[in-house]
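Engineer: When we follow the UniProt record's numbering, the leftmost residue of the sequence shown carries the number 1, and every step to the right adds one. C-beta atoms are modelled at their ideal positions from N, C-alpha and C, and glycine is treated no differently. Could you have a look at this structure, given as structure tokens, before my questions?
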Amino acid sequence: MNAFVERLNGSIRREALDHFFLFSEKQVRKIIKSYVVYYNHQRPHQGLGQIPAGRIVSSAGKIKKEKILGGLHHNYYRSSA
Numbered sequence: 001m002n003a004f005v006e007r008l009n010g011s012i013r014r015e016a017l018d019h020f021f022l023f024s025e026k027q028v029r030k031i032i033k034s035y036v037v038y039y040n041h042q043r044p045h046q047g048l049g050q051i052p053a054g055r056i057v058s059s060a061g062k063i064k065k066e067k068i069l070g071g072l073h074h075n076y077y078r079s080s081a
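Written as structure tokens, this is what we have:
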């Protein structure tokens, strides 16, 4: 189990925290909370064929982009037709 936690901690550090100047615990908590939502619901996962966990892929509708963590990451999705 420890390897999974170490992997997640490394991802949080490399993909989020290393890109910000951190001034307070409140700021760190906000960044981590936002990143965890992104990681669990929007981030493409290699083991799932680069599809976010739990996402149903649609081929209809216009492709939209949502900024995550101020544009550090992006979520791409299709809007309703």
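#1: Could you name the residues that DSSP lists as bridge partners for HIS41?
#2: Which residues in the same chain as ALA3 place their Cβ atom closer than 7 Å to its Cβ, once the five residues preceding and following it in sequence are excluded?
#3: Determine whether the beta carbon atoms of LYS62 and ARG78 lie at a separation below 8 Å.
#4: Am I right that LEU69 and ILE31 are in contact with their C-beta atoms under 8 Å? What's the rounded C-beta distance?
#5: With burial defined as no fewer than 16 other Cβ atoms inside 10 Å of the residue's Cβ, what is the status of ALA60: buried or exposed?
Structural biologist: Looking at the atomic coordinates:
#1: Bridge partners of HIS41: none, in fact.
#2: none
#3: yes
#4: 7 Å
#5: exposed
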